[in-house]
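K.L.:
Sequences listed follow chains A and B, in order.
First residue of the first sequence? That's 3 in the numbering used here, and the numbers climb one at a time after it.
First residue of the second sequence? That's 3 in the numbering used here, and the numbers climb one at a time after it.
There are 2 protein chains.
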Amino acid sequence: MRRDPFQAIADPTRRAILLLIASQAMTPNAIAENFKSSRQAVSKHIQILAECELVKQKQDGREIYYHLNSTKMKEIDKWLENFRKMWENKFDSLDKLLLKLQTKQKK
Amino acid sequence: MRRDPFQAIADPTRRAILLLIASQAMTPNAIAENFKSSRQAVSKHIQILAECELVKQKQDGREIYYHLNSTKMKEIDKWLENFRKMWENKFDSLDKLLLKLQTKQKK
DNA sequence: AATTTGTGCAACCGAATAGTTGCGCATATA
DNA sequence: TATATGCGCAACTATTCGGTTGCACAAATT
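Have a look at this one:
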């Protein structure tokens, strides 16, 4: 199944998982210990992250180590790039609107 | 209602709306013209974006101009900041894991 | 004054989401 | 060989989501 990474990071648990494994690869059990919900629920989240390739896995015997896929995270960052110029810009769209409305009233 | 901005940008239509109004404030009708779905459906999306303060509004008579709230977009960027060091790092968590596994096998 | 226009709100509906429990199965361990 | 462990998969459930249509109402236009 193809998945949208933006939809994947919509869930707070999944964002927490990403933060967890960012510094070190972890097994599902180790990850699940950090949450209140069941191991299977956490495993489902991991699977969703894997489907959109935000995480990748490496099997070692019966253990599976999940790790962050930085490349995919970059894709999210790439979208944000569209807006970065906005918040670096002194005159944003609100300013433009206000100027427009003021001009209108003066007529 | 309090809303999660990550949940808000999960929907592709909402992301498109954000891009649309990034450069210029727009009314709901003008925004809706860019999509196949009904005006009301688009309006719902705008409302969700407003609830999490990704967009702000300015009324002018019976027209409402929606514009991007850069400040809130920055919050998303802030979260990504956690991972930025990862993809700038030569040795990421996968490398660490591989080294770990290799050491294990040599035992 | 009558009509059109811009907008929000409510009710409804099917699909997707996030959680649960139970199970099967391969790999470790005793 | 028998048992324990790590993991994924399937079935079920309540809730949320994204869409629709119909309506109300204030503001603009005729």
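Glycine is no exception: its CB is placed at the ideal position from the N, C-alpha and C atoms.
Check the Cβ-Cβ distances between Leu22 of chain A and every residue of chain B, and say whether any is below 8 Å.
P.N.:
no
K.L.:
Indicate whether Glu65 of chain A and Thr29 of chain A have their beta-carbon atoms separated by less than 8 Å.
P.N.:
yes
K.L.:
Using a Cβ-Cβ cut-off of less than 9 Å, give me the residues of the segment 45-76 of chain B that come near chain A, in sequence order.
P.N.:
Lys58, Lys60, Asp62, Tyr67, His69, Leu70, Asn71, Ser72, Thr73, Met75 and Lys76
K.L.:
Give the straight-line distance between the Cα atoms of Gln26 of chain A and Phe8 of chain A, rounded to the nearest whole angstrom.
P.N.:
22 Å
K.L.:
Got a sec? Which residues, its chain only, sit under 8 Å from Lys74 of chain B by beta carbon, not counting five neighbours each side?
P.N.:
Excluding sequence positions up to five before and after Lys74 of chain B, its CB lies within less than 8 Å of the CB of Pro7, Cys54, Glu55 and Leu56, all in the same chain and listed in chain order.
K.L.:
Taking Cβ-Cβ distances shorter than 7 Å, what residues in chain A pair up with Gln9 of chain B?
P.N.:
Within chain A, the residues near Gln9 of chain B are Ala12.
K.L.:
Between which two residues does the alpha helix (DSSP H) carrying Asp6 of chain A extend?
P.N.:
Premise fails: Asp6 of chain A is in no alpha helix (DSSP H) and is neither H nor E.
K.L.:
Within the 8 Å Cβ cut-off, does Arg5 of chain B reach chain A?
P.N.:
no
K.L.:
Given that Ile78 of chain B touches chain A, what residues does it touch there, using C-beta distances under 8 Å?
P.N.:
Leu82
K.L.:
Quick one: residues in its chain with C-beta nearer than 7 Å to the C-beta of Tyr67 of chain B, no 5 flanking neighbours on either side, listed in chain order?
P.N.:
Ala27, Met28, Thr29, Gln59 and Lys60
K.L.:
Please report the distance separating the alpha-carbon of Lys109 of chain A from that of Lys38 of chain B.
P.N.:
Below a pLDDT of 50, predicted positions are generally treated as unreliable, and Lys109 of chain A, at 36, falls in that range; the measurement from the model is reported next regardless. Straight-line Cα distance between these residues: approximately 37 Å.
K.L.:
Let me see if you follow: with CB-CB separation under 8 Å, is Phe85 of chain B close to chain A or not?
P.N.:
yes
K.L.:
Identify the continuous alpha helix (DSSP H) that holds Glu65 of chain A and give its terminal residues.
P.N.:
Careful: Glu65 of chain A lies outside any alpha helix (DSSP H), inside the beta strand (DSSP E) at Glu65 to Leu70.
K.L.:
Establish whether the CB of Arg17 of chain B and some CB of chain A are separated by less than 8 Å.
P.N.:
yes
K.L.:
Going by DSSP in three states, Asp13 of chain A sits in which element: helix, strand or coil?
P.N.:
coil
K.L.:
In the DSSP assignment, find the alpha helix (DSSP H) that holds Lys58 of chain B and state where it starts and stops.
P.N.:
First-last for Lys58 of chain B: Val57 to Asp62, but that is the beta strand (DSSP E), not the alpha helix (DSSP H).
K.L.:
In chain order, what residues of the same chain lie with their CB nearer than 7 Å to the CB of Ala24 of chain A, ignoring the 5 residues before and after it?
P.N.:
Leu70
K.L.:
Is DSSP giving Ala18 of chain A helix, strand or coil here?
P.N.:
helix
K.L.:
Report yes if the C-beta distance between Met88 of chain B and Ser45 of chain A is below 8 Å; otherwise report no.
P.N.:
Remark: C-beta atoms of Met88 of chain B and Ser45 of chain A do not approach each other more closely than 8 Å.
K.L.:
Within the continuous alpha helix (DSSP H) that includes Lys46 of chain A, where are the two ends?
P.N.:
Arg41 to Glu53
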